[in-house]
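Residue numbers (our numbering): 4 to 311.
The beta-carbon is built from N, C-alpha and C at its ideal position, and this holds for glycine as well.
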Ligand SMILES: [Zn+2]
């Protein structure tokens, strides 16, 4: 199994275009930028899937040698996209994929509905590419090309702001949109041998039993590192919202869980530009590194390739 981490920043990226905070200013000056959260994964090294489609997708694809078209063709090793949420930083890149001859998108029922109604990228893509949409249900495995198997697990009911008013949804598991727990999911990936196991969960509101089960025997866990502490955003921007209220368990709160579950290699991703861990080489990041290392964790970097 090969995993290419394409982007590691939360929505807005680092630096954020309209932010002159110390961290964003440093990233501008030193070139230590991060693009928005996105991942490419393959079980056989030939058939690749994107997990999320970030607004930075074009440059992310161009920077990944595995995702280049074979010489002399207009083809792509990409076989589809799996979405962990309907948040704009995870779906705007779908528009970038419109040149594809065909496009397969896997999303949960509420996310799929949101992308056909509240933010209708599904109908918008139809004249450009042959798009196929598949509904992902937590707990049900999806068999993908190249021997890759993906199983989603529910991580929460936080909806994108643009879908705040979406009514009840038609699906195999009908429930009012507001009651659903699969607006945000993580994925557990295995290859055909069952020996390589990776978990991707860039939005973790709470450490749920489903997450616990997914992590239990994983080799690699890439998880939500949006904020270092619950009050980080409030402290740095003067706002009132805590990390957890925004659907993100802070690193300070997830780290003890990792320490209690040794075995997997843990990588934090989806780092907000307020998070000191986002700033490679900063004194604050260096001060936090030993605690991360003690729990088997590190910060993911754009372009990182992991082979399992
Ligand atoms: Zn900033």
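- Rounded to whole angstroms, the gap between the alpha carbons of residue 162 and residue 303 is 25 Å.
- The C-beta distance from residue 196 to residue 152 rounds to 11 Å, too long to fall under 8 Å, and the pair is not in contact.
- The beta carbon of residue 276 sits closer than 7 Å to at least one heavy atom of ligand 1.
- Residue pairing of residue 51 in beta bridges, as defined by DSSP: 81.
- Around residue 300, the same chain offers 261 and 269 as residues with beta carbons nearer than 6 Å, after the five sequence neighbours per side are excluded.
- Under the 10 Å beta carbon count, residue 33 is surrounded by fewer than 16 other beta carbons and is classified as exposed.
- Under the rule that a run must span 4 or more residues, the alpha helix (DSSP H) segments found entirely inside the segment 223-307 read 235-240, 254-262 and 286-297.
- Per DSSP, the beta bridge partners of residue 204 are 226.
- Bounds of any alpha helix (DSSP H) do not take in residue 16, whose DSSP letter is neither H nor E.
- Distance from the Cα of residue 218 is smallest, within the candidate group 255, 156, 70 and 235, for 156.
- Note on residue 185: 16 or more other CB atoms within 10 angstroms of its CB, so buried under the neighbour-count rule.
- For residue 213, the enclosing alpha helix (DSSP H) starts and ends at 212-219.
- No Cβ-Cβ contact shorter than 8 Å links residue 7 with residue 50.
- In this structure, DSSP gives residue 93 a helical state, which the three-state scheme calls helix.
- If you ignore the 5 residues before and after residue 239, its C-beta comes within less than 8 Å of the C-beta of 24 and 277, all in its own chain and listed in chain order.
- A direct Cα-Cα distance of roughly 19 Å separates residue 245 from residue 271.
- Between the segment 204-221 and the segment 59-69, the count of C-beta pairs closer than 8 Å stays below three; the two stretches do not touch.
- DSSP places residue 209 outside both helix and strand once states are collapsed to three, so it counts as coil.
- Closer than 7 Å to some heavy atom of ligand 1: that describes the Cβ of residue 26.
- Per DSSP, the beta bridge partners of residue 41 are 10.
- Taking the CA atoms as reference points, residue 211 sits about 28 Å from residue 95.
- Ligand 1 has no heavy atom closer than 7 Å to the beta-carbon of residue 123.
- According to DSSP, residue 136 shares a beta bridge with 108.
- Burial state of residue 137 is exposed, judged by a 10 Å Cβ sphere holding fewer than 16 other Cβ atoms.
- With contacts defined as CB atoms closer than 8 Å, residue 118 and residue 112 fail to qualify as a contacting pair.
- The criterion of a C-beta distance shorter than 8 Å is satisfied by residue 222 and residue 267.
- The nearest non-hydrogen atom of ligand 1 is less than 7 Å from the C-beta of residue 19.
- For residue 228, the closest alpha carbon among the candidates 207, 62 and 63 is that of 207.
- Between residue 232 and residue 255 a beta carbon distance of about 5 Å is seen, short of the 8 Å cut, so the two are scored as contacting.
- CA-to-CA, the gap between residue 275 and residue 235 works out to about 10 Å.
- If you draw a straight line from the Cα of residue 230 to the Cα of residue 98, it is about 28 Å long.
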